[in-house]
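Sequential numbering of the sequence shown, starting at 0, is according to numbering that gives the first Met the number 0.
Read the structure below first, then the notes.
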Amino acid sequence: MDTTTVYKPGKGLTDRKLSYCPGCTHGIIHKLVGEVLEEKNLIDNAIGVASVGCSVMSYEFFNCDMHQAAHGRAPAVATGAKRVREDKTVFTYQGDGDLASIGLAEIVHAAHRGENITVIFVNNAIYGMTGGQMAPTTLIGQKTTTSPFGREKAQAGEPLRISELLATVPGATYLERVSVHDPKHVKKAKKAIEKAFEVQEKKQGFSLIEFISTCPVQWGIQPYEATRWAVDNMIPYFPLGVFKDARGGETDE
């Protein structure tokens, strides 16, 4: 009988069962962050800051010291933690309703100051937890509970592209947008997280990894359809790639 172990849970996450909806990619993103924390031996030296939104319970899942921040204030809390404990690896975990709306000033100024923190930003184009309202990242024509006929440019403007916006901020060091819709992109996403933490380890400043994510429940479609919808609709507007790399002349292999 073959008893070869082909998979086992990593130590970057706790044993608590994830509470995310079926088809939501928060779980995949959690696992990638957890794997990087483990592989870089950062679990006992990391401080995470949970936002408000679907990720509000992430402090139950990451197996490191965690703080809870008020809505949109995770970058400010992370700034305080990092300045007091410069020896710690500090990261925030935030959704688009949190980061791109009420927390927009916080994230812009943290990047502008070049705070040596890492931001994991999950963009699913909607307020997932609080009822499916239109978010700053909601696409034109996308229906939500507060835009039942679809987002209109004349009324709400164009969806906000956070990575492109922060790329204009001098203090930002590394910005990349990734997706986890298939194994190839999951691997790329993990490498992006590794780079972001390396930026912090080398004291090179502010880094943010933006994830294109899904929200089948609030989008009102099945999980598989949600994945395809993200690929067909979100990625064309939110293109994947590196938007800023000021790591002191370093280049990727």
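Using N, Cα and C, we set each Cβ at its ideal position, and we do this for glycine too.
Nothing here was measured: the structure is a model prediction, and the numbers come from that model.
At a Cβ threshold of 8 angstroms, is Thr-117 touching chain D?
Protein chain content of the structure displayed is limited to a single chain, and chain D is not contained in it.
Provide the residue span of the alpha helix (DSSP H) that contains His-111, from first to last.
Here the question's residue 111 lines up with position 112 in the sequence shown. Residues 103 to 111.
Could you pull out every residue in the same chain whose Cβ sits closer than 8 angstroms to the Cβ of Gly-9, ignoring the five residues on either side in sequence?
Within the sequence shown, the letter at position 10 stands for residue 9. Apart from the 5 residues on each side of it in sequence, Gly-9 sits with its Cβ closer than 8 angstroms to the Cβ of Lys-30, Gly-33, Glu-34, Glu-37 in its chain, given in chain order.
Which residues in the same chain have their Cβ closer than 7 angstroms to the Cβ of Ile-234, if we skip the five residues on either side of it in sequence?
Taking the first residue of the sequence shown as 1, we reach residue 234 at position 235. The beta carbon of Ile-234 is closer than 7 angstroms to those of Ser-178, Ile-211 in its chain, skipping five residues each way along the sequence.
Would you identify the three-state DSSP class for Lys-243, choosing helix, strand or coil?
Counting from one through the sequence shown, the residue named residue 243 turns up at place 244. Strand.
Roughly how many whole angstroms lie between the Cα atoms of Ile-220 and Phe-205?
Stepping through the sequence shown from its first residue, residue 220 is reached at position 221. Stepping through the sequence shown from its first residue, residue 205 is reached at position 206. Cα to Cα, Ile-220 sits roughly 36 angstroms from Phe-205.
Report yes or no: do three or more beta-carbon pairs, one from the region 58 to 71 and one from the region 96 to 114, lie closer than 8 angstroms?
In the pairwise beta carbon analysis, the region 58 to 71 is classified as touching the region 96 to 114: at least three pairs are separated by under 8 angstroms.
For the beta strand (DSSP E) that Ala-68 lies in, which residues bound it at each end?
For this step, residue 68 is matched to residue 69 along the sequence shown. Unbroken run through Ala-68: none, as it is neither H nor E.
Gly-33 lies in the alpha helix (DSSP H); which residues open and close that run?
By 1-based counting over the sequence shown, the position of residue 33 is 34. Where Gly-33 is concerned, the enclosing alpha helix (DSSP H) stretches over 25 to 38.
Candidates Ala-134, Met-128, Ile-116, Cys-53, of which the one nearest Gly-269 by Cα:
What the structure shows of the chain is the stretch from 0 to 252, and residue 269 is not part of that stretch, so it cannot be assessed.
Helix, strand or coil for Gly-47? Go by DSSP, reduced to three states.
Taking the first residue of the sequence shown as position 1, residue 47 is located at position 48. Correct three-state label for Gly-47: strand.
Same chain, Cβ closer than 6 angstroms to Val-48, neighbours up to 5 away in sequence not counted:
Counted from its first residue, the sequence shown places residue 48 at position 49. His-66, Ala-68, Ala-73, Val-76, Ala-77, Thr-91, listed in sequence order.
Buried or exposed for Ile-106, going by 16 or more other Cβ atoms inside 10 Å?
As a working mapping, residue 106 is identified with position 107 in the sequence shown. It counts as buried.
Could you tell me the distance, in whole angstroms, from the CA atom of Gly-127 to the CA atom of Met-0?
The count along the sequence shown starts at 1 and reaches residue 127 at position 128. The count along the sequence shown starts at 1 and reaches residue 0 at position 1. Looking at the two C-alpha atoms, the distance is approximately 46 angstroms.
Considering just the uninterrupted stretch of the beta strand (DSSP E) at Thr-3, what are its terminal residues?
As a position in the sequence shown, residue 3 is number 4, starting the count at 1. Thr-3 -> no beta strand (DSSP E), and no H or E assigned at all.
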